[in-house]
């Protein structure tokens with residue numbers, strides 16, 4: 001099914017040509033076409049063989065500088081936007097909150113765009129940022145006075161991947177183009193171009209191409225994995241003597257601290273030489289699941305109750321959930337089993353990136369150091385609590 005996305009502003013007089021990109025895969029292929037007419041008006045259209053495209057019209061601008069909404073409005077030169085004004089999309093996520101905090105510490109004016117959820121985002125306001133809970137049709141209002149957009153949002157487990165990560169991002173990029181955003185930073189996934197069979201990775205790759213073709217000044221950053229995610233997945237269950245779920249997959253991932261990612265991102269933001277580049281951020285070493293569990297066991301001083309799930313079981317479960325429409329989202333999430341069984345290393349050489357950013361590799365925290373600090377702090381707190389508990393005991 002094809003759907004027409006809103007017409008947006010293009011650079012006058014220079015883009016009189018036609019480009020076509022097509023990304024195909026064995027399941028749910030995505031494709032788009034960009035046509036630049038002599039007028040010139042930028043037309044972006046997407047088509048999905050299955051599913052619906054629900055991107056509401058945001059704003060329609062002609063190249064002469066008029067907007068067609070309730071009437072015709074002539075725009076003047078306007079007030080210059082400060083380079084320190086940024087909009088962080090997905091500011092409550094694992095990475096987003098670190099981006100916000102680092103930007104505020106470095107003196108940026110931060111505005112946040114988050115989607116409503118049961119847990120409030122009050123901590124963002126406590127840090128001094130503005131949290132805007134908005135829907136796609138309200139995106140233009142959040143970009144007024146914004147110089148740079150940092151897009152670190154992705155769909156939550158309970159949300160359809162295509163709705164947030166494709167339709168929402170298409171609307172966001174188009175609106176950024178129409179609103180004259182000066183720079184757009186997009187976070188993607190390492191090796192997303194090599195796994196079109198995984199819906200999220202395919203969509204990330206398509207979004208990269210869509211952003212590159214939009215004409216926006218941009219920086220694309222591919223990530224491998226977050227160290228913070230290992231705490232809830234392995235460290236806490238081991239301390240609580242609960243089951244730790246793992247796989248027998250040989251896949252290795254170079255996890256990186258989100259605080260380091262945020263620091264490197266803001267360095268890249270200030271470096272004009274990086275505009276238009278595709279960077280990959282990877283940790284100092286790639287780890288398998290079993291190696292991470294073994295490290296946590298050593299630092300915690302106790303053995304883990306490991307429940308190993310064969311990759312074949314995950315693949316069978318994915319095939320089973322494909323039979324029902326209401327479980328398609330679950331099947332999309334389980335598509336990573338194809339990656340786990342491919343013996344791929346999610347890592348990349350970082351020497352060139354460090355030199356480009358002017359960063360010393362020694363300043364990047366290792367997974368051993370990160371987990372060592374965590375277990376040292378948590379074990380100390382547990383010891384203090386135990387001591388307080390003994391002091392409060394009364395014997396009669």
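In the UniProt record's numbering, the protein residues as written are 1 to 396.
Glycine included, each C-beta is placed from N, C-alpha and C at the ideal position.
Please read these numbers as outputs of a predicted model, since none were measured by experiment.
I'd like to check one pair, residue j with residue i: are the Cβ atoms closer than 8 Å?
{"i": "residue 231", "j": "residue 150", "result": "no"}
{"i": "residue 283", "j": "residue 249", "result": "no"}
{"i": "residue 142", "j": "residue 183", "result": "no"}
{"i": "residue 286", "j": "residue 346", "result": "yes"}
{"i": "residue 280", "j": "residue 195", "result": "no"}
{"i": "residue 98", "j": "residue 258", "result": "yes"}
{"i": "residue 238", "j": "residue 302", "result": "yes"}
{"i": "residue 234", "j": "residue 293", "result": "yes"}
{"i": "residue 108", "j": "residue 84", "result": "yes"}
{"i": "residue 214", "j": "residue 273", "result": "no"}
{"i": "residue 216", "j": "residue 173", "result": "yes"}
{"i": "residue 343", "j": "residue 251", "result": "yes"}
{"i": "residue 368", "j": "residue 295", "result": "yes"}
Just to confirm my understanding: we take residue i, look at its own chain, exclude 5 residues before and 5 after, and list those with CB closer than 6 Å. What are they?
{"i": "residue 208", "result": "188 and 220"}
{"i": "residue 265", "result": "none"}
{"i": "residue 155", "result": "161, 164 and 165"}
{"i": "residue 218", "result": "184 and 211"}
{"i": "residue 348", "result": "280 and 282"}
{"i": "residue 157", "result": "none"}
{"i": "residue 181", "result": "149"}
{"i": "residue 288", "result": "252"}
{"i": "residue 278", "result": "220"}
Report the three-state DSSP secondary structure of residue i (helix, strand or coil).
{"i": "residue 246", "result": "strand"}
{"i": "residue 156", "result": "coil"}
{"i": "residue 84", "result": "coil"}
{"i": "residue 277", "result": "coil"}
{"i": "residue 377", "result": "helix"}
{"i": "residue 105", "result": "helix"}
{"i": "residue 95", "result": "coil"}
{"i": "residue 303", "result": "coil"}
{"i": "residue 236", "result": "helix"}
{"i": "residue 384", "result": "helix"}
{"i": "residue 134", "result": "Its pLDDT being 46, under 50, residue 134 is placed unreliably by the model, and the measurement read from it follows with that caveat. Correct three-state label for residue 134: coil."}
{"i": "residue 408", "result": "In the structure as shown, the chain begins at 1 and stops at 396. Residue 408 is therefore absent and cannot be evaluated."}
{"i": "residue 144", "result": "coil"}
{"i": "residue 258", "result": "helix"}
{"i": "residue 289", "result": "helix"}
{"i": "residue 308", "result": "strand"}
Do you know how far the Cα of residue j is from the Cα of residue i?
{"i": "residue 205", "j": "residue 380", "result": "44 Å"}
{"i": "residue 153", "j": "residue 93", "result": "7 Å"}
{"i": "residue 81", "j": "residue 163", "result": "31 Å"}
{"i": "residue 102", "j": "residue 267", "result": "11 Å"}
{"i": "residue 95", "j": "residue 110", "result": "15 Å"}
{"i": "residue 132", "j": "residue 114", "result": "The predicted model places residue 132 with a pLDDT of 43, which falls under 50 and marks its position as unreliable; any figure quoted below should be read in that light. Each residue's alpha carbon lies about 6 Å from the other."}
{"i": "residue 365", "j": "residue 270", "result": "22 Å"}
{"i": "residue 226", "j": "residue 167", "result": "25 Å"}
{"i": "residue 376", "j": "residue 236", "result": "13 Å"}
{"i": "residue 112", "j": "residue 90", "result": "7 Å"}
{"i": "residue 361", "j": "residue 370", "result": "15 Å"}
{"i": "residue 229", "j": "residue 256", "result": "10 Å"}
{"i": "residue 397", "j": "residue 175", "result": "Summary: the structure shown does not reach residue 397, with the chain confined to residues 1 through 396, and so no result is reported for it."}
{"i": "residue 88", "j": "residue 358", "result": "24 Å"}
{"i": "residue 356", "j": "residue 297", "result": "37 Å"}
{"i": "residue 353", "j": "residue 260", "result": "13 Å"}
How is the alpha helix (DSSP H) around residue i delimited, first residue to last?
{"i": "residue 355", "result": "351-357"}
{"i": "residue 109", "result": "Where residue 109 is concerned, there is no enclosing alpha helix (DSSP H), although the beta strand (DSSP E) it sits in stretches over 109-114."}
{"i": "residue 285", "result": "Careful: residue 285 lies outside any alpha helix (DSSP H) and carries neither H nor E."}
{"i": "residue 175", "result": "169-178"}
Since residue i is in the beta strand (DSSP E), which residue starts that stretch and which ends it?
{"i": "residue 214", "result": "No beta strand (DSSP E) contains residue 214, which is instead part of the alpha helix (DSSP H) from 199-214."}
{"i": "residue 183", "result": "183-189"}
{"i": "residue 148", "result": "148-151"}
{"i": "residue 221", "result": "218-223"}
Here's a check: name, in chain order, each residue in its chain whose Cβ is nearer than 7 Å to the Cβ of residue i, leaving out the five neighbours to either side.
{"i": "residue 245", "result": "307 and 309"}
{"i": "residue 64", "result": "In this prediction, residue 64 scores a pLDDT of 31, lower than 50, which makes its location untrustworthy; no coordinate-derived value is stated."}
{"i": "residue 243", "result": "237, 305 and 307"}
{"i": "residue 201", "result": "189, 192 and 195"}
{"i": "residue 398", "result": "One cannot answer for residue 398 here, as it falls past the ends of the chain, which runs 1 to 396."}
Give every residue of the same chain whose Cβ lies closer than 8 Å to the Cβ of residue i, excluding the five residues on either side of it in the sequence, and list them in chain order.
{"i": "residue 179", "result": "59, 140, 143, 144 and 146"}
{"i": "residue 275", "result": "183, 217, 218 and 219"}
{"i": "residue 351", "result": "361"}
{"i": "residue 106", "result": "266"}
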